[in-house]
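Undergrad: Would you mind keeping the following structure in view while I ask a few things?
There are 2 protein chains.
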Amino acid sequence: MLMATPHAATRASRAPLVAPRRAAEPALPDPCRTCAVRALSVCAALKGAEMAGLAGIVGRSQYPAGATIMMEGDPADHLFNIIEGTVQIYRLLPDGRRQITGFLMGGDFLGLALNDTNPYSAEAVGTVSLCRLPRRRFEQLIDQFPQLERRMLVDASNELFAAQEQMLLLGRKTAREKVATFLLMLARRAARRGKPDDEIVLAMSRAGIGDYLGLTIETVSRTITRLRRDGILALHGANRVEIVDREALEDAAEG
Amino acid sequence: MLMATPHAATRASRAPLVAPRRAAEPALPDPCRTCAVRALSVCAALKGAEMAGLAGIVGRSQYPAGATIMMEGDPADHLFNIIEGTVQIYRLLPDGRRQITGFLMGGDFLGLALNDTNPYSAEAVGTVSLCRLPRRRFEQLIDQFPQLERRMLVDASNELFAAQEQMLLLGRKTAREKVATFLLMLARRAARRGKPDDEIVLAMSRAGIGDYLGLTIETVSRTITRLRRDGILALHGANRVEIVDREALEDAAEG
DNA sequence: CGATATCTTGAGGAATCTCAATACTAGTGG
DNA sequence: CCACTAGTATTGAGATTCCTCAAGATATCG
């Protein structure tokens, strides 16, 4: 048997869904126009006038660290755009083993699937602010604006590709390769957001990293330590990783 | 280090792409009307008249066992519908380690992504017959018939869901759970095709199963042997598996 | 500044991999 | 029809990676 990791098992006893603190800005003239992640998100598919339709139906909400945003199997009433913060989406086995299938950050879309029920659970890693869209309304919007549907197909394609990359990682990479690949992915995403690409801030815990990479907390920790000893990384506190030797890190990720 | 499995390493020395034997039926009046898998495939999204457009651009081709249908990174000129047989899609690490990310069968669509280059390689497991569509033409068709795009988005959603399920398997399941899950998946797919759901014909080799489940050939073999000893399976030759105790198999798959 | 959660490190164990030998299967030619 | 060959699958023994359990260190938050 594999581990029933304690952190995953705790989920069974998790407090009932934390209620979102709804930010008091429904009266904002046009939340989309001032949206920081507009260019990165599906909304980029809509032009000025069309976006008015979108702006009319969105609402913002904030979730504190650890809050459950959606639960696998529950009715999918809303879709979300991540404005700020990190969201982890995951699936569970009956005994509590958890696989995190993705970390979403600013501009990412949560609910691509358009299923009636959520195909996975999603949880705020730190404090997260989201743009919330009623699914019904959004589907109407899709019917009106085909470029929105196209954009969703493109996004789904990209996610599919990423998913296959992750399968390759999970099925065939060693712990060291997994961790190196993971850090490089975070660095690239940080770079795309205009942040330095050699300084990674880990929003998620070791448990999150482990459940994403198919490893235990301890193996993640040991592997990071080893990369540090090899002069590839430097740590500034547990959650700030500096890439000292990027080439070596890329070698370690195999690729 | 993980294994550089020999079967995967052979890929480097693989003979250049086997040329498809093109079936001599381009003059068929309407290949789609008589298509055995039409109801299962994306084509189901098109009604009688619209399908004429489709019928005009498709061609059939056959590939012998082991033939490469497409190669990761090559230009994606064509999309395919699987008519008959099994196709495995996979990604490779530089040292030859292989992860099979899916097995496609009759009615499945190969090339959902609509990327300019193939995001993965695809190979015929046994003899395979395909319906081939030029990508350009198909994209025009999509522009004409929005329900085709919708259908592709739905298919992509479903694949995304399956991909996440597979990540859960790869990251968090034991060898026994992996093999049990795999056999149940094949049984379900056979059932959907109207075949008995307690008699599985394995089109793929142990190497294929291993590379799909993130295991070695030997572990796959041993695990199947154990399931047989436990009275859950019976083997009729190496490639015919009978499910003797389905409930026990489902338990073994955890779920 | 103390309490609690998180992270790191260590020692031992278990699942799975590697390497190697044997058995089976299917196709080939005598 | 049978022996032979090549490929594939099974089985065994030992090695290795990663996991488990446990203790200690560090960070975080009230």
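These protein sequence lines map, in sequence, to chains W and L.
Using my numbering, the final residue of the first sequence is 255, and nothing's skipped along the way.
Using my numbering, the final residue of the second sequence is 1255, and nothing's skipped along the way.
Beta carbons are placed, not taken as given, at the ideal position from N, Cα and C, and that holds for glycine.
What residues from the segment 151 to 163 of chain W come within 7 Å of chain L, judged by C-beta to C-beta, listed N to C?
TA: Going along the segment 151 to 163 of chain W in chain order, one finds M152, L153, A156, S157, E159, L160, F161 and A163 with a Cβ nearer than 7 Å to chain L.
Undergrad: Taking Y212 (chain W) as part of the alpha helix (DSSP H), name the residues at either end of that continuous run.
TA: It spans R206 to L213 - the alpha helix (DSSP H) in which Y212 (chain W) sits, taken as one unbroken run.
Undergrad: Taking just the CA atoms, how far does A124 (chain W) sit from A67 (chain W)?
TA: Rounded to the nearest angstrom, the two C-alpha atoms are 5 Å apart.
Undergrad: Identify every run of the beta strand (DSSP E) within the segment 1213 to 1255 of chain L, keeping only runs that are complete inside it and at least 3 residues long; order them along the chain.
TA: The segment 1213 to 1255 of chain L contains these whole beta strand (DSSP E) runs: 1233 to 1235 and 1240 to 1243.
Undergrad: How many Å lie between L1227 (chain L) and L1170 (chain L) at the Cα?
TA: Distance between the alpha carbons of L1227 (chain L) and L1170 (chain L): 19 Å.
Undergrad: So which residues of chain L does T101 (chain W) contact, with C-beta pairs closer than 7 Å?
TA: Those are Q1164 and M1167, listed as they occur along chain L.
Undergrad: Report the three-state DSSP secondary structure of C32 (chain W) (helix, strand or coil).
TA: The answer is coil: DSSP assigns C32 (chain W) none of H, G, I, E or B.
Undergrad: CB of L1079 (chain L) to nearest heavy atom of the ligand SAH: below 7 Å?
TA: The ligand content of the structure shown is nil, which means the ligand SAH is not present either.
Undergrad: If you run the structure through DSSP and keep just helix, strand and coil, what is I83 (chain W)?
TA: Reduced to three states, the DSSP call for I83 (chain W) is strand.
Undergrad: Take E1072 (chain L) and list the residues in its own chain whose beta-carbon comes closer than 6 Å to its own, dropping the five residues that flank it on each side.
TA: Same-chain partners within the cutoff: N1118, Y1120 and S1121.
Undergrad: Answer yes or no: does any C-beta atom of chain L fall closer than 8 Å to that of R222 (chain W)?
TA: Cβ-Cβ to chain L under 8 Å: no for R222 (chain W).
Undergrad: Report the start-end ranges of each beta strand (DSSP E) in the segment 109 to 184 of chain W that is 3 residues or longer and not cut off at the edges.
TA: List check, beta strand (DSSP E) in window: 121 to 124 and 128 to 134.
Undergrad: Could you check which residue in W:D95, W:R137 and W:A52 has the C-alpha nearest to that of F80 (chain W)?
TA: For the residues W:D95, W:R137 and W:A52, the minimum Cα distance to F80 (chain W) belongs to W:R137.
Undergrad: Helix, strand or coil: which one does DSSP assign to G102 (chain W)?
TA: Strand, per DSSP.
Undergrad: Does R206 (chain W) have its Cβ less than 8 Å from a Cβ in chain L?
TA: Not closer than 8 Å to any Cβ of chain L, the Cβ of R206 (chain W) fails to qualify, so no.
Undergrad: So is N965 (chain L) in contact with chain W if we call contact Cβ pairs under 8 Å?
TA: Outside the displayed span of chain L (1001 to 1255) sits residue 965 (chain L), for which this structure offers no information.
Undergrad: By the three-class DSSP mapping on this structure, what secondary structure does V1201 (chain L) have?
TA: V1201 (chain L): strand per DSSP, three-state reduction.
Undergrad: Taking Cβ positions, are I89 (chain W) and A36 (chain W) nearer each other than 8 Å?
TA: No, the pair does not count as a contact, with Cβ atoms beyond the cut-off.
Undergrad: Are the segment 153 to 162 of chain W and the segment 196 to 204 of chain W in contact at 8 Å, needing three or more beta carbon pairs?
TA: No, the segment 153 to 162 of chain W is not in contact with the segment 196 to 204 of chain W.
Undergrad: Which one of W:C43, W:D30 and W:R60 has the shortest CA to CA distance from P146 (chain W)?
TA: Ranking W:C43, W:D30 and W:R60 by Cα distance to P146 (chain W) puts W:C43 first.
Undergrad: Please state whether the Cβ-Cβ distance between R1060 (chain L) and R1132 (chain L) is less than 8 Å.
TA: Contact flag set, yes.
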